[in-house]
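Report on one structure; see the data block that follows.
Following this line, the structure appears as structure tokens:
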């Protein structure tokens, strides 16, 4: 299985190889869904726990993932700039 990609660290190569092999070693004990990365499993668990650790400092809205908070925060910055 060679796709031509190169990696400077073996761990990055191993992680990339999972794309080709379909290997998903991190499994949710609640629903059985599996993931290639532990960080993705941890984020997924929040679906079951309801945990929303990322909080907007402007309005208090909470999010399960940091990327969703960042996307939401653009609403506040766009609103501020449009009122200037």
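Residue numbers (this note's numbering): 2 to 85. Every residue gets a Cβ at the ideal spot worked out from N, C-alpha and C, and that includes glycine.
With contacts defined by Cβ atoms closer than 8 Å, residue 37 and residue 52 do not form a contacting pair. DSSP places residue 21 inside the alpha helix (DSSP H), whose first and last residues are 11-22. Within the same chain, no Cβ atom closer than 7 Å to the Cβ of residue 48 is found once the five residues on either side in sequence are excluded.
Short of 7 Å from the beta carbon of residue 57, and not among the five residues preceding or following it, lie these beta carbons of its own chain, in chain order: 70, 73, 74.
Unbroken alpha helix (DSSP H) runs of no fewer than 4 residues, entirely contained in the stretch 52-83, are found at 67-83, following chain order. The bridge partners DSSP lists for residue 28 are 35.
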